[in-house]
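First up is the structure itself, then whatever we jot down about it.
Protein chains: 4
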Amino acid sequence: MTTVTTAQATAVLDAAQEKAEAMGIKQNIAVVDAGANLLAFRRMDGAWLGSVDIAITKAKTARYFDMPTGELGEMSQPGGSLYSIEHSNGGLVSFPGGIPLEDGDGQIIGAVGVSGSTVGNDHAVAQAGAEALS
Amino acid sequence: MTTVTTAQATAVLDAAQEKAEAMGIKQNIAVVDAGANLLAFRRMDGAWLGSVDIAITKAKTARYFDMPTGELGEMSQPGGSLYSIEHSNGGLVSFPGGIPLEDGDGQIIGAVGVSGSTVGNDHAVAQAGAEALS
Amino acid sequence: MTTVTTAQATAVLDAAQEKAEAMGIKQNIAVVDAGANLLAFRRMDGAWLGSVDIAITKAKTARYFDMPTGELGEMSQPGGSLYSIEHSNGGLVSFPGGIPLEDGDGQIIGAVGVSGSTVGNDHAVAQAGAEALS
Amino acid sequence: MTTVTTAQATAVLDAAQEKAEAMGIKQNIAVVDAGANLLAFRRMDGAWLGSVDIAITKAKTARYFDMPTGELGEMSQPGGSLYSIEHSNGGLVSFPGGIPLEDGDGQIIGAVGVSGSTVGNDHAVAQAGAEALS
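Protein chains in written order, with the working numbering: chain U, 1 to 134; chain R, 135 to 268; chain Y, 269 to 402; chain G, 403 to 536.
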């Protein structure tokens, strides 16, 4: 199992924080490894306290299902094929902000989760973090 | 990080209870500090037992995201940007009744949560509590 | 079921806090009603954050078994008749600081729990709170 | 309530990791703020997965009671005054490796928790992290 390293995870946090600062927002940023276990986390000064759990859970959710959390959320709406999947795994987060991390060969090696602003901003910051590995 | 004091929290409870008595309703009232940790709680005689947890969680939710709980609830509906956020943080409450507490400079120093009546009444009582600090 | 009232619970908090201030210590103080549901809580400025849960759980434990928590702890030691009872009820606290509250006829109508100092001090402060009802 | 900043927390992680590398060990390192909420976390490559939760909980425990976790553990043994306290707060860790973080005036502003080696090594690495703020 190829997995993201501690040094790579720190690079993801730094890239995400840099993006957040450029956007003028305060974020919680989490990275999980290929085993969906927490590898690195950073809360920017003044970022929402409730987003600690959400950032970590977005990262886990993205690795659990190897897709961006927003894609899962499209399927978990009332009437959707995965309705109520948020109840599983001790709680999932199914709105945007979690993205799988890939190595140069396109293999998924972990995930990043971001929470603290609008879901559009969260996704953009997570994307900036993920691109630190490309 | 400035935080609400014990004396201020008691003043919030007293103001909220006074408002509830004037409205003829029975409430659970909770105050959390700037770190979202419980600081003060009071259940009025005969108020709903199930609202103990809801009042505390409303206060935590309001501080977790620095907004009234009802505003969060508008975004957590099916199809909304934060659908299912209630599953995070070991359970959130996203209907009205939780309000951030601010000091004289508009800095958030904690939150108050009220539960036991209609959400409109809960919000009004929480507002009365929050105004005890202004 | 006769139960402690909100006014009585506030009197218990006030008496306990006055005792704690006289002793120069910072306490978390909780009161549960006859149904073992939280009725009132107060954390003094600067008191331990980890004692929020412990004070509430001491009060619940004292009412669950209608005895001071320290007495339960004597039976829950390794080799004791109630060894590991702390695992039940989602977690109990079995060291001193929780005391049943009695009305004038000796009937148990709730309990008080105190945490934030040595167990001896916690018990003394809880005792001062309980005596507010006599 | 003064709290540790994100920049300070990163400095604590860096100092702790540097110490761990000098000792030839692999660690999980967590920092919580003054409100006992997670602020920063790093797992070194190959460090124990089970220590993610332990490092975070050691940091929380140290802030919950404003003392090194090992001191709490001396009181939580069978027959000790705080026997079974680990069952409170949804689970505590009471062996060494968690240390309060202090600012230059000796005020507690958060805590660091380390897990992944012997408790002696964990404590030494946490100490190195804490000293980054002095």
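Just so you know, even glycine gets a beta-carbon here, dropped at the ideal spot from N, CA and C.
Being a predicted model, the structure only gives us computed values, none of them experimental.
Interface flag, residue i vs chain G, CB-CB below 7 Å
| i | result |
| --- | --- |
| Y:V380 | no |
| Y:F333 | no |
| Y:Q345 | yes |
| R:M135 | yes |
| Y:S362 | yes |
| Y:E339 | no |
Any chain U beta carbon closer than 7 Å to residue i
| i | result |
| --- | --- |
| G:T407 | yes |
| R:L235 | no |
| R:L216 | yes |
| R:S222 | yes |
Among the options, nearest to residue i - alpha-carbon criterion
| i | options | result |
| --- | --- | --- |
| G:G405 | G:Q419, G:G437 and G:A442 | Before going further, note that residue 405 of chain G is Thr rather than Gly in the sequence given. It is G:G437 whose Cα lies nearest to the Cα of G:T405. |
| U:I54 | U:S134, U:Q8, U:L133 and U:H123 | U:H123 |
| G:T408 | U:M1, U:Q17 and U:A7 | U:Q17 |
| R:Q261 | R:G204, R:R177 and R:L173 | R:G204 |
| Y:E342 | Y:S356, Y:H355, Y:Y332 and Y:P364 | Y:P364 |
| Y:L401 | Y:G388, Y:N389, Y:I376 and Y:V387 | Y:I376 |
| G:S483 | Y:P336, Y:Y351, Y:G388 and Y:E370 | Y:G388 |
| R:E236 | R:E155, R:D200, R:S210 and R:I219 | R:D200 |
| Y:R331 | Y:G374, Y:R310 and Y:A379 | Y:A379 |
| R:P202 | R:G232, R:V186 and R:L173 | R:G232 |
| Y:L306 | R:Q142, R:N171 and R:R177 | R:R177 |
| U:G24 | U:V52, U:A130 and U:V125 | U:V125 |
| U:Q8 | U:F41, U:Y83 and U:S88 | U:F41 |
CB contact below 7 Å: residue i versus chain R
| i | result |
| --- | --- |
| U:V119 | yes |
| U:E74 | no |
| U:G91 | yes |
According to DSSP, residues forming a beta bridge with residue i
| i | result |
| --- | --- |
| G:A433 | According to the sequence displayed, residue 433 of chain G carries Val and not Ala. Answer by DSSP bridge pairing, in chain order: G:A442 and G:V514. |
| R:G224 | In DSSP, R:G224 forms no bridge with anything. |
| U:I99 | U:V112 |
Any non-hydrogen atom of the ligand NAD closer than 6 Å to residue i Cβ
| i | result |
| --- | --- |
| G:D447 | As presented, the structure is devoid of all ligands, the ligand NAD included, so that no description of it is given. |
Taking a Cβ distance cut-off of 9 Å, strictly less, list which residues of the stretch 438-468 of chain G are near chain R, in chain order. A438 and N439
Kindly confirm or deny that the stretch 108-118 of chain U and the stretch 48-58 of chain U touch, where touching means at least three C-beta pairs closer than 8 Å. yes
Report yes or no: do the stretch 89-100 of chain U and the stretch 53-62 of chain U share at least 3 C-beta pairs separated by less than 8 Å? yes
Pairs of beta-carbons, one from the stretch 140-148 of chain R and one from the stretch 157-175 of chain R, closer than 8 Å: are there three or more? yes
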